[in-house]
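See structure below.
In the numbering used here, the protein residues as written are 136 to 277.
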């Protein structure tokens with residue numbers, strides 16, 4: 136049971152059905168409570184993750200942004216936490232390993248999987264226009 140009064144199995148079952156229910160329905164209210172609790176938990180986790188990234192990357196960290204279903208508010212219990220990090224002088228081999236210990240520990244502790252996308256600043260500014268549009272539209276700076 137979590138603070139919303141639902142077990143994990145009940146949350147999964149309710150989440151996919153409650154969105155079509157009127158807001159006054161008990162299952163819709165339970166889902167709303169769950170979402171509020173999860174959003175608070177995720178923001179606490181993201182504050183920790185930001186500190187960890189600042190420690191790992193130092194002044195090379197240009198931007199850290201939450202995007203995807205949690206940023207839009209249409210997440211489900213199994214939704215991951217999509218985060219974009221833009222770095223100066225990205226070295227994939229080195230930089231992808233740095234936050235992984237935190238990601239594993241966080242998943243074990245909170246059951247929230249942080250999916251991190253790393254971009255070099257030059258590549259971010261000059262590359263994938265579709266992803267940049269999505270992140271600029273729905274992203275929330277961390």
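Even glycine gets a Cβ: it sits at the ideal position worked out from N, Cα and C.
So, does the CB of residue i fall closer than 7 Å to a CB anywhere in chain B?
{"i": "residue 246", "result": "Any reference to chain B falls outside this structure, which holds one protein chain only."}
Taking the alpha carbon of residue i as the reference point, which residue from the options has its own alpha carbon closest?
{"i": "residue 204", "options": "174, 267, 226 and 268", "result": "174"}
{"i": "residue 270", "options": "169, 201, 194 and 211", "result": "201"}
{"i": "residue 276", "options": "171, 193 and 181", "result": "181"}
{"i": "residue 207", "options": "246, 170 and 241", "result": "170"}
{"i": "residue 257", "options": "165, 185 and 196", "result": "196"}
{"i": "residue 211", "options": "227, 172, 274 and 233", "result": "172"}
{"i": "residue 246", "options": "231, 267, 214 and 229", "result": "214"}
Taking residue i as part of the beta strand (DSSP E), name the residues at either end of that continuous run.
{"i": "residue 266", "result": "Note, residue 266: premise wrong, no beta strand (DSSP E); alpha helix (DSSP H) at 264-273."}
Using the DSSP secondary-structure output, state which residues sit across from residue i in a beta bridge.
{"i": "residue 202", "result": "217"}
{"i": "residue 103", "result": "Nothing about residue 103 can be reported from this structure: the residues present for the chain run from 136 to 277 only."}
{"i": "residue 276", "result": "200"}
DSSP three-state call for residue i: helix, strand or coil?
{"i": "residue 250", "result": "strand"}
{"i": "residue 261", "result": "helix"}
{"i": "residue 155", "result": "coil"}
{"i": "residue 181", "result": "helix"}
{"i": "residue 187", "result": "helix"}
{"i": "residue 212", "result": "coil"}
Just curious, the alpha helix (DSSP H) that residue i is in, first and last residue?
{"i": "residue 240", "result": "235-245"}
{"i": "residue 230", "result": "227-230"}
**Message:** Closer than 8 Å is the cut-off here; do at least three beta carbon pairs connect the region 251-263 with the region 203-222?
**Reply:** yes
**Prompt:** Using 8 Å as the threshold, is the region 181-191 in touch with the region 227-240, meaning 3 or more CB pairs across them?
**Reply:** The answer is yes - the region 227-240 touches the region 181-191, with three or more Cβ pairs under 8 Å.
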